[in-house]
Amino acid sequence: MIAMILVHPHIFWLSLGGLLLAAEMLGGNGYLLWSGVAAVIYRLNRLALTARLGMAGRAVCGLNVAGGLALVALAGASRAGTEADRQPP
Numbered sequence: 027m028i029a030m031i032l033v034h035p036h037i038f039w040l041s042l043g044g045l046l047l048a049a050e051m052l053g054g055n056g057y058l059l060w061s062g063v064a065a066v067i068y069r070l071n072r073l074a075l076t077a078r079l080g081m082a083g084r085a086v087c088g089l090n091v092a093g094g095l096a097l098v099a100l101a102g103a104s105r106a107g108t109e110a111d112r113q114p115p
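For the sequence shown, the numbering used here assigns the number 27 to the initial residue and increments by one for each residue that follows.
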């Protein structure tokens, strides 16, 4: 297994992302979730760029970046809403 990970680094990143997501399911605090998603998205982007998939590869990269930005916006909006709810009237 270690030899396969050294030969195919995309397997390492996908495995790391999966392990972090599984650990998040056990923990429940939200920190490992973002690390796991980031590892998976990073590796899928690198796979699409190095595989020379042409337009399909660029579409995958664009969708990954758009999805990541949407998650950042959603996290920012949810934090802004909780701060306003905590302030006294």
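Beta carbons are placed, not taken as given, at the ideal position from N, Cα and C, and that holds for glycine.
Anticipated Cβ contact below 8 Å, Gly43 with Arg69, distance rounded: Here the question's residue 43 lines up with position 17 in the sequence shown. Here the question's residue 69 lines up with position 43 in the sequence shown. Gly43 to Arg69, Cβ: 7 Å. Contact.
Please report the distance separating the alpha-carbon of Leu52 from that of Ser41. To locate residue 52, count along the sequence shown from 1; it is residue 26. To locate residue 41, count along the sequence shown from 1; it is residue 15. Looking at the two C-alpha atoms, the distance is approximately 17 Å.
Less than 8 Å between the CB atoms is what I'm expecting for Ile28 and Ile37, so what's the real figure, rounded? Here residue 28 corresponds to residue number 2 of the sequence shown, with the count starting at 1. Here residue 37 corresponds to residue number 11 of the sequence shown, with the count starting at 1. Rounded, the Cβ-Cβ distance is 11 Å, inconsistent with contact.
Distance CB(Ile67)-CB(Gly102) smaller than 8 Å: By one-based count along the sequence shown, residue 67 stands at place 41. By one-based count along the sequence shown, residue 102 stands at place 76. No, the Cβ-Cβ distance between Ile67 and Gly102 is not below 8 Å.
Within-8 Å CB hit, Leu45 to chain D: Going by chain labels, chain D is absent from the structure shown, which holds only one protein chain.
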